[in-house]
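Trainee:
2 protein chains.
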Amino acid sequence: MEKPYLLFLGDAADQLAAKTATGIADWRPEWCVGQMRLPGCQADTGLADVSIAEAASRGARTLVIGVVNSGGVMPASWSDSIAEALAAGLDVASGLHSRLESFPAIRQAAERHDRKLFDLRHGERTFGTAKGIRRSGKRLLTVGTDCSCGKKYTALAIERAMRERGMAADFRATGQTGLFIAERGVAIDAVVADFISGAAEWLSPDNAADHWDVIEGQGSLFHAAFAGVSLGLLHGSQPDALVLCHEPTRRHMRGLPEAPIPDLDDCIRQNLTHARLTNPDCRMLGVSINTAALSPTEADAYLAETEARLGLPCLDPMTGDPGRFLDQLA
Amino acid sequence: MEKPYLLFLGDAADQLAAKTATGIADWRPEWCVGQMRLPGCQADTGLADVSIAEAASRGARTLVIGVVNSGGVMPASWSDSIAEALAAGLDVASGLHSRLESFPAIRQAAERHDRKLFDLRHGERTFGTAKGIRRSGKRLLTVGTDCSCGKKYTALAIERAMRERGMAADFRATGQTGLFIAERGVAIDAVVADFISGAAEWLSPDNAADHWDVIEGQGSLFHAAFAGVSLGLLHGSQPDALVLCHEPTRRHMRGLPEAPIPDLDDCIRQNLTHARLTNPDCRMLGVSINTAALSPTEADAYLAETEARLGLPCLDPMTGDPGRFLDQLA
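If you read the sequences in order, they're chains A and B. According to my numbering, the stretch in the first sequence is residues 1 to 330, in order. According to my numbering, the stretch in the second sequence is residues 331 to 660, in order.
1) Determine, using beta carbons only, whether Ser534 of chain B comes closer than 8 Å to chain A.
2) Which residue marks the beginning of the alpha helix (DSSP H) containing Gln506 of chain B, and which one marks its end?
3) Under 8 Å, Cβ to Cβ, is there at least one residue of chain A near Ser527 of chain B?
4) Using three-state DSSP, classify Arg311 of chain B as helix, strand or coil.
5) Taking all protein chains shown into account, decide if Asp119 of chain A is buried (16 or more other Cβ within 10 angstroms of its Cβ) or exposed.
6) Apply the 10 Å Cβ neighbour rule to Val73 of chain A and answer buried if 16 or more other Cβ atoms are within range, or exposed otherwise.
7) Counting only Cβ pairs nearer than 7 Å, list the residues of chain A close to Ile518 of chain B.
8) Rank A:Arg61, A:Glu54, A:Ser51 and A:Asp14 by C-alpha distance to the C-alpha of Gly40 of chain A and give the top, closest one.
9) Closer than 7 Å by beta-carbon distance: list the chain A residues that pair up with His541 of chain B, in chain order.
10) Closest to Phe222 of chain A by C-alpha separation, out of B:Gln365, B:Leu607 and B:Cys575, would be which residue?
11) If you draw a straight line from the alpha carbon of Pro434 of chain B to that of Thr126 of chain A, how long is it in whole angstroms?
12) Within this structure, are the beta carbons of Cys597 of chain B and Gly616 of chain B separated by less than 8 Å?
13) Within this structure, are the beta carbons of Asp519 of chain B and Phe226 of chain A separated by less than 8 Å?
14) Tell me where the beta strand (DSSP E) around Asn474 of chain B begins and ends.
15) Is it true that the CB of Gly34 of chain A sits closer than 8 Å to the CB of Asp49 of chain A?
16) At the level of alpha carbons, what is the spacing between Asp651 of chain B and Ala347 of chain B?
17) I'd like to know if Phe127 of chain A contacts chain B, where contact means its C-beta is closer than 8 Å to some C-beta of that chain.
18) Can you list the residues of chain A that Leu645 of chain B reaches, using a CB-CB cut of under 8 Å?
19) Would you report the Cα separation of Ser70 of chain A and Thr319 of chain A, rounded to the nearest angstrom?
20) Leaving out five residues on either side along the sequence, give the residues of the same chain with a beta carbon under 8 Å from the beta carbon of Gly653 of chain B.
21) For Thr62 of chain A, name the three-state secondary structure that DSSP assigns.
22) Please go through the same chain and pick out, in chain order, the residues whose beta-carbon is closer than 8 Å to the beta-carbon of Glu305 of chain A, but skip the five residues on each side of it.
23) So, at 7 Å on beta carbons, what are the nonlocal neighbours of Ala605 of chain B in its own chain, with the 5 sequence-adjacent residues on each side left out?
24) With a threshold of 8 Å between beta-carbons, can Val214 of chain A be considered close to chain B, or not?
25) Given a cut-off of 8 Å on the beta-carbon distance, is the pair Arg27 of chain A and Pro4 of chain A in contact?
26) Roughly how far, in whole angstroms, is the beta-carbon of Thr507 of chain B from the beta-carbon of Cys575 of chain B, given that I think they are within contact range, below 8 Å?
27) Distance check for Ile261 of chain A and Arg250 of chain A, CA to CA, integer angstroms please.
28) Buried or exposed, going by whether 16 or more other CB atoms sit within 10 Å of the CB of Gln218 of chain A?
29) For Gly232 of chain A, would you say it is in contact with chain B, using Cβ-to-Cβ distances shorter than 8 Å as the test?
30) Does the beta carbon of Phe552 of chain B sit closer than 8 Å to a beta carbon anywhere in chain A?
31) How close, in whole Å, do the beta carbons of Leu368 of chain B and Ser411 of chain B come, if the pair is a contact with beta carbons under 8 Å?
32) Can you tell which of B:Ala498, B:Glu414 and B:Ile526 has its C-alpha closest to the C-alpha of Thr459 of chain B?
33) Looking at chain A, which residues of the region 599–626 of chain B have a Cβ within less than 7 Å of any of its Cβ atoms?
34) Within 10 angstroms of its Cβ, does Ser625 of chain B collect 16 or more other Cβ (buried), or is it exposed?
35) Could you check the C-alpha separation between Gln600 of chain B and Met583 of chain B for me, to the nearest Å?
36) Where do the ends of the alpha helix (DSSP H) carrying Leu447 of chain B lie?
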């Protein structure tokens with residue numbers, strides 16, 4: 001995929017719906033010429049709003065679909081924008097479940113203008129079933145009380161903190177946004193179910209004894225739709241260390257209005273129990289709190305109370321020091 | 331798929347490797363004209379050994395690949411037999427991960443002889459993510475300490491026992507062998523990982539209040555390769571009742587020589603904990619023991635000791651009365 005990118009936010013209904021765009025803008029702003037939004041868009045990456053023509057004139061090479069579409073249906077307004085980008089000479093990249101080429105208008109526009117379509121979620125790679133054999137090197141996995149609560153940002157912040165301490169560390173992407181940021185990895189939720197753990201084993205292979213893979217978690221053991229992916233990733237990762245991620249203002253599990261958010265204690269216990277099936281020495285290093293929706297005073301109080309109650313470091317890695325998680329490794 | 335079938339066992343290395351053939355022969359013998367084995371085959375369904383020519387003369391319409399191939403590679407000896415069956419006028423059906431048409435010799439033979447290839451594991455159906463909303467009707471799911479320990483046979487025996495009691499009950503297949511037996515269902519391990527629970531919800535939809543779906547379990551929460559599938563199926567099934575299946579002579583988890591078999595207690599507790607995320611009233615009805623590898627005396631002693639220790643009915647549904655599980659529902 002050629003850089004720089006124009007991030008397409010479409011008519012995203014809320015900030016979370018545009019989390020791919022937001023993730024790229026936050027972690028790789030130097031790769032982006034701006035964002036493009038349609039009327040009604042409720043999300044904002046903070047980058048400059050530019051049209052496709054402006055983006056092309058600034059050198060943009062690829063339009064990145066940075067928003068999820070519900071149920072795999074491509075709205076006509078998106079399709080028109082994508083076709084316009086192809087006509088303007090940009091390639092188009094997507095992390096949606098639906099392949100870009102499955103939409104006739106997009107496929108035809110790409111052929112007409114001789115541009116490339118990238119579907120990051122659909123690799124050509126196939127995987128074997130997991131072997132369950134311990135691998136050399138160290139692994140840290142972020143796990144969550146829910147979907148979309150900070151597992152990727154926490155993993156990226158921990159990779160950065162490890163490198164600042166001179167540790168050998170690599171972020172390992174497991175979702176579409178992570179794949180855009182790391183430019184490698186596997187969309188673990190798009191793998192055939194029999195091979196979830198096998199794909200996780202492939203993602204973090206044998207390595208030097210002091211090397212850390214920092215693996216992006218997915219979903220939650222407590223999410224009725226996605227826990228299978230979470231458990232397969234947990235087993236295949238064989239983590240030496242976990243960090244639990246939590247968004248404290250969430251009132252129910254994402255997409256499931258009847259489902260309560262699990263207790264942090266329960267979440268820690270369940271994740272450790274399952275992790276120890278493949279790595280009996282696995283430990284919980286702390287809790288990463290996404291405090292974006294709290295005032296600074298509320299955030300401080302929440303972090304202090306939670307840390308005192310759990311007896312583990314609790315911090316927001318975007319405002320606090322994720323190195324405190326690493327102190328637990330000493 | 332047209333009946334009757336010729337069951338192909340290939341050069342199966344052991345009885346478990348031919349579990350699709352064995353399952354069809356045990357539960358639908360009236361659909362089979364016999365079995366076909368290659369030199370070195372270590373499995374036996376008990377059906378008559380017949381050649382392809384003999385099977386064709388007895389009216390066989392479909393050759394069923396009843397054995398798993400390791401790693402998706404089709405041995406040349408299998409490919410030759412399959413091509414011979416196509417030339418003799420039979421269709422060919424398979425539940426392997428690899429599609430029959432992906433093997434050029436097989437695809438070409440099917441085209442040449444105008445025969446059909448069926449890949450049961452690969453439905454054309456796509457699924458949504460799980461909704462987590464409670465459905466009407468009742469559901470029983472078989473779960474296991476390991477893979478290949480009796481979950482399908484237990485579910486089929488319970489469906490039969492329910493019907494003998496005049497209860498409305500349907501076996502719901504989740505694996506290739508179950509699909510051959512039930513002629514419907516979903517190969518849950520072949521679904522894209524994001525949709526495991528969604529597919530399980532589709533499999534056992536709303537039904538009459540007193541109707542039971544008896545759902546075939548897959549894998550084990552304690553199997554490092556397949557637990558993700560097991561958990562997604564458990565959540566999506568929203569079971570009112572579980573039956574735990576166990577093979578008491580197993581010394582390690584299937585395919586993982588280093589991994590011990592979990593305690594029955596642990597297995598009961600973990601399965602109930604996770605099941606209650608989507609059905610808080612879920613109960614464990616008892617333990618189904620596959621005693622095929624024990625002498626009758628050993629079997630009796632094992633069942634009595636386990637039943638006394640766990641305080642739940644423990645029986646082999648192929649030799650004992652699975653109705654004892656149903657007594658727990660009263």
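The beta carbon of each residue, even a glycine, is placed where N, CA and C say it ideally should be.
Mentor: In terms of the structure at hand:
1) No, its Cβ sits nowhere closer than 8 Å to a Cβ of chain A.
2) Gln506 to Ala512
3) yes
4) The displayed coordinates of chain B run from 331 to 660. Any statement about residue 311 of chain B would go beyond what the structure contains.
5) buried
6) exposed
7) Ala193
8) A:Asp14
9) By Cβ distance, chain A contributes nothing, its closest Cβ being about 22 Å from His541 of chain B, past 7 Å.
10) The candidate whose alpha carbon is nearest that of Phe222 of chain A is B:Leu607.
11) Roughly 19 Å separates the two Cα atoms.
12) no
13) no
14) The question names Asn, yet the displayed sequence has Gly at residue 474 of chain B. Counting along the chain, the beta strand (DSSP E) containing Gly474 of chain B begins and ends at Lys468 to Gly474.
15) yes
16) Put simply, the backbone Cα of Asp651 of chain B is about 27 Å away from that of Ala347 of chain B.
17) no
18) Per Cβ cutoff of 8 Å: no residues; Leu645 of chain B is ~28 Å from chain A at best.
19) 32 Å
20) Ala491, Glu494 and Arg495
21) Residue state for Thr62 of chain A is assigned as strand, using DSSP reduced to three classes.
22) none
23) Leu564, Pro569, Leu572 and Cys612
24) With respect to chain B, the C-beta atom of Val214 of chain A has no partner C-beta closer than 8 Å.
25) This sequence places Trp at residue 27 of chain A; Arg is not what is there. No; because the gap between Cβ atoms is not below 8 Å, this pair is not in contact.
26) The pair is not a contact, with the Cβ atoms about 15 Å apart (cut-off 8 Å).
27) 7 Å
28) buried
29) yes
30) For Phe552 of chain B, the closest Cβ of chain A is nearer than 8 Å.
31) Contact between Leu368 of chain B and Ser411 of chain B is confirmed by a C-beta separation of about 7 Å, below the 8 Å threshold.
32) B:Ile526
33) The residues in question are Leu607 and Thr608.
34) exposed
35) 17 Å
36) It is not in any alpha helix (DSSP H) - Leu447 of chain B instead sits in the beta strand (DSSP E) that spans Leu447 to Asp449.
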